[in-house]
Each structure stands twice: as structure tokens, then as C-alpha cells.
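Scroll down for the structure; my scribbles are underneath it.
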Amino acid sequence: MARTFLLWTDRLSERGDPVPAQFETTTIGIRLNDMIRVQYWLGPMFFARQRGAGRQKRGAVAGRVVMSGNVEGLARSRMRRSMLGLLWVAGCWLVLLGLTRELWLGEECESETSFPQIPLASWAIGWPGSVDAIALSGLVAGLIGTSVGCGWLMWSMRTADGDSSQRTRWLTVSLWVVLASALVLVIGSQQRWQPWVWQFFLVFCLALADKGRLLRNWQLLVISIYGYSAVSKWNGEFVTGPGAQLWQGLLTGVGLADGAKFWSPETHGLWIQSFPVGEMTVAVLLLVGITAGGWLGRWGGRLGLLGSVVMHGLLLVALGPKGLNHSWGVLGWNVFFIGQNLLIFGGSGLADEVVVDQPTTKKIELGPSRRFRLSPANWVLLVAVGWPAAYPWRYCDAWVAWSVYAPRPVKITATISAADRALLPQALQEFVEPADFQTERCRVAIDRWALEETGAPLPPQERLALGVSLALAKRYGLTSIEVLREMKATKKQLLHRDRLFGINGLEQYGKGYAVNSMPRRCNIDAR
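Each residue of the sequence shown is one higher than the last, beginning at 71 in the working numbering.
See below:
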């Protein structure tokens, strides 16, 4: 409605017709000129909700503008919620670093049982472990500085004591330190690119781009996460694969595993299919809550928030100690989501209603330009929301596209001979299964090795599993290593299999990836 009305008033101004004075507009901390410039294609979702606007020929409009009794107070409230949300992100990031500390400690690559690190860029293959230690120190210092900056700004808004530019600079510098340190750590090891790290990184980028609109963009980011995650589970393999595991973990966690044995397979399938349906329903309700007005937006937002809290609560039961007993990092991420949603969706939402105290007449300066302009925050949000759409064409990794607990398009299985298994240390032999009586080969449990050694799962990209297999073979001279690559069957393509033999075969195949798949040298030399 806001977009239609602005277009209509713009046509009136072009014809020279007077704009009706009785139309009212509500602006919340955003210049009306910026709204008019970009509302033609970004839509009212990116701005405060409008009830109308007047415009004259290339000049200013002196119309009747009815606002809230305290627009500045409302802007301060939203900024306070944004700072509290950033404080929650910084605190949870520090906690998750502690829960997955083996993943971030650079000196761990000197251990003979350490899990191999696959750099994001080939020029980082020779990085020593000291680079990780320095970057980790910077990350921790930046997160502490961000927490202090957020608390400092909230205190200044509460007391209104003078200029806040110094506090804002402190927060900005801390955010830059966090982003730079996290980027160095991710370049050193792709396994550190966990979905929660990517989400925190995007939130800090949005805060750095525009702190005033952080709450708005953050809400849209969370909605896109739920939407993409639901779409990635809409296939038959989810019902028989990860979905079945989650369902079994949930039944075990709530103590219904024995009674559910008498249910039919169709009943189990319907309950499993309700996972992505519920996730998409939460995304739609939250979107309605931040875009629609009146009772629809109010109740849509409340139901969406309640649904998200229930959804993550059930995931904690399914993945917790009584369920699948997953890693603490995954459990911590779900706890973060509950607190995050209560903070950013628990208020009055994006479609903030404004109570009119009394009409006031204001002169609003409107620029004549109609050029499409994107702010830095819009660019960050465009990348965060748009990039996952390229995942079906393999221009985006699974966790960047929020494809979590979804089937893998390519399955990698590494095997070695029984003789080579004896060459491994006793601690590593625990992650190599006994020889199969038919093939006389031993499967390497790469995923279990990654989870137990680092406390975090391995991203599902095939290049990482191949790089880990190559690092293990080079470190211990496993000449019998063999990797089976299986691509799932689709309607247009049958099941495709490739077998890679030996160290040379793995190296030659790994060079064909657009992103590095070779391990760091310190992982190869550690014995």
C-alpha cells in the first residue's frame, strides 16, 4: 500500500495537482527522501511502514505530518534492542569458541592425532600454527571489545550523557577486528566455516554497515535462514536420511521410542515431513509479522516467534544428551537462536505502530533524484539472502545456503587396506572400522573423527573429505588409500560413481575444484 500510494502521489506532483493534505505519514528514524528513492524495487519491507506521503515539484512539501508522540524515543528503543542483540551474539560467540576450542587452536596441528585443516585458499597452505593463535587472540579481544561497546552505548542511551561518537568508534573498531580475525581463521581452515560462524559474521557485517537499521536487516536474515533450510529438506532423501535420524532422536529424547515402534512407516514419514513444513510456516509467519499491520501482523509475529522457540526447543531435545547426543557447538547454536529470536522479534516488530498524540506541521525536504541507490547494509543483505539461491548450481556451499540436516548431493567414502590400518597410531585406529570380509578394506570414519577431535562437524562439501583423506595418506604413507565418490541419482541423471586411487589420484582430482582442497603442510608433517 505504501508503494502504491507513493507512486500515485508522485504522478499527482508531475501533473501539478495538489496533494491531499489529509494523508498522514509515519516515519521512524529514516529520511523520507531515501524511502522514495529505493521503494520502487526494494519494496516497503526495507523501510518503516508508511501511510502516505506528499510531494511537490522538485522542492519541499509543507503538509500535515502526524507522527508518534516520541519518535526519537522509539528509535532509541530499537537501537537499544539492536545493541542488546549484538551483545548476545558476542557473548554466544565467545561461549561457542570455548565449546569448540580444539577447532580454533592453531598449535593442535602439531599433534599426530589432530584433524587435518583444509585452507580456503591455496596460498594459505604453508601458514604456520602461530597465524591461527594471533588471529584467535584478535577474535577474542574483538568480541570482548564489542560487548563493552554495546554496553557502553546502551548506558549512554539510558543516561543521555553527552556525545556518543567515541562509543560508536569503539564499537566500530571492535567489529572490524572481529571480522578480520574471523576471516583469517576461516581462510586457515574451512571446517571453521560453521553455520553459526557464518551467521554471526553476517550480523556483524550488517551492524558495521548500518547500526540504525540493524534490527530490520537482522530479522530479514533470520527469515531467509528458515526459508532456505526448509526448502533444502523438501526431498525424499530427507525422510529416509537426516530426517529419520532427527525423528528418532526426538522420540528417544521424549521417551516415546518404544511406543513409536508400533506406528506405520507412513505415520513416521508424515511426522518427518512436518519438519520442513513447520520451518517454512515459521518463516512465513515471521515475515507477515514484520510486514503486515494491524491484527494480522501482530498475531502473525507472535505465532511465528512462538513456533521458532518451540522448534529450537524440540531440536535441543532431539540433539541433546538423551537424543542423538550431538556436539555442544550445535546445541549452543540452537540456544542462541532462542535468545536471538526473543530479542529481535519479541518487541513490536518491524511494523511498529505509532500512537498519535497531536498533529504537527513539518516541512520535509525531498530530493528530486530517482536513481536506484543501494546502501552498504543493502549490499550485505543482498549477498546474505541472494547467494544461497545459487546452491543448486553448486556456486555456494551447503552451510552458506543454510542446508543444515539436509541430504548431501555427493557422498565420499575413504577406505584403506588392513595393512595400512596397522600403520596408524592407536588413537587414530579408533576412527577406522575393521576390514570388511568381502572387500578386505577398512572404511575411515571421517565425520566421526572430525566431531570427536574438534567438537564440530565437518562441512558436507566433498572437497573437504577428499582433502582430509589426502592429508591422512601423506602423513602416514597410506599408499592403498581409495576414495569412492557417489553422486545421488536425479530425474535427469542416474547414480554416478568415481573411484580415486592412491595419493597421486587424489591430488590430481583435487586440483579440479574451484576452491582449495589441499591440506596444510603442518598437518602432513605432524607425526
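Every residue gets a Cβ at the ideal spot worked out from N, C-alpha and C, and that includes glycine.
No experiment lies behind these values; they were computed from the predicted model shown.
| query | result |
| --- | --- |
| First through last residue of the alpha helix (DSSP H) which encompasses T361 | P335 to T361 |
| L175 beta carbon less than 9 Å from that of I257 | no |
| Per DSSP, the bridge partner or partners of M557 | V480 and H566 |
| Three or more C-beta pairs below 8 Å linking the segment 153 to 170 and the segment 397 to 404 | yes |
| Beta-carbon contacts of M227 that lie in its chain and below 7 Å, excluding the five residues immediately before and after | R146, M149 and R150 |
| 8 Å contact criterion, which L576 and L540 should meet: CB distance rounded | 4 Å |
| Short Cβ contact (9 Å threshold) for W449 with A203 | no |
| As assigned by DSSP and simplified to three states, the class of T238 | helix |
| Where Q531 falls, given that 16 or more other Cβ within 10 Å makes a residue buried | buried |
| Residues of its chain near E287, where Cβ-Cβ distance is below 7 Å and the 5 sequence neighbours each way are ignored | The sequence as given places Asn at residue 287; Glu does not occur at that position. Cβ within range, chain order: L276, A447 and L451. |
| Cutoff 7 Å; reference M381; Cβ partners in own chain excluding five residues on either side | G348, E349 and V352 |
| Simplified DSSP state of F501, which is helix, strand or coil | coil |
| Backbone CA spacing between G409 and L376 [nearest angstrom] | 12 Å |
| Beta-carbon spacing of R368, G359 below 9 Å | yes |
| Proximity below 9 Å, CB of V247 to CB of L209 | yes |
| Candidates R513, P198 and V474: closest to A488 by CA position | R513 |
| Three CB pairs or more closer than 8 Å across the segment 577 to 584 and the segment 508 to 528 | no |
| Among R555, N574 and G572, nearest to L565 - alpha-carbon criterion | R555 |
| E532 - DSSP class collapsed to helix/strand/coil | helix |
| Burial state of N395, where buried means 16 or more other Cβ atoms lie within 10 Å | exposed |
| Cβ pair count under 8 Å reaching 3, the segment 488 to 498 against the segment 461 to 477 | no |
| First and last residue of the uninterrupted alpha helix (DSSP H) at R50 | Absent from the structure is residue 50, since the part of the chain shown begins at 71 and ends at 597. |
| Member of S217, A327 and G364 whose CA lies at the smallest distance from the CA of R237 | S217 |
| From G572, P504 and M224, residue whose alpha carbon lies closest to that of L241 | M224 |
| Straight-line Cα distance separating A327 from I482 | 31 Å |
| The ligand COA heavy atom lying under 8 Å from the CB of V352 | For the ligand COA, the structure offers nothing, since it holds no ligand at all. |
| Counted within 10 angstroms of its Cβ, other Cβ atoms place E15 as buried (16 or more) or exposed | Any answer about residue 15 is impossible in this case: the structure gives the chain only from 71 up to 597. |
| Inter-stretch contact at 8 Å, needing at least 3 Cβ pairs: the segment 301 to 313 / the segment 466 to 475 | yes |
| C-beta contact flag for K392 and T485 at 9 Å | no |
| Bridge partners - R511, DSSP secondary structure assignment | S487 |
| DSSP three-state assignment for F415, whether helix, strand or coil | coil |
| Unbroken alpha helix (DSSP H) run spanning W275, endpoints | Looking at the sequence shown, residue 275 is not Trp but Cys. Residues P265 to A279. |
| Endpoints, the alpha helix (DSSP H) within which Y296 is located | L284 to S302 |
| Local Cβ density within 10 Å of K544, reported as buried at 16 or more and exposed below that | buried |
| Beta-carbon proximity check, I551 vs I516, cutoff 9 Å | no |
| Cβ-Cβ distance between G537 and P186 below 9 Å | yes |
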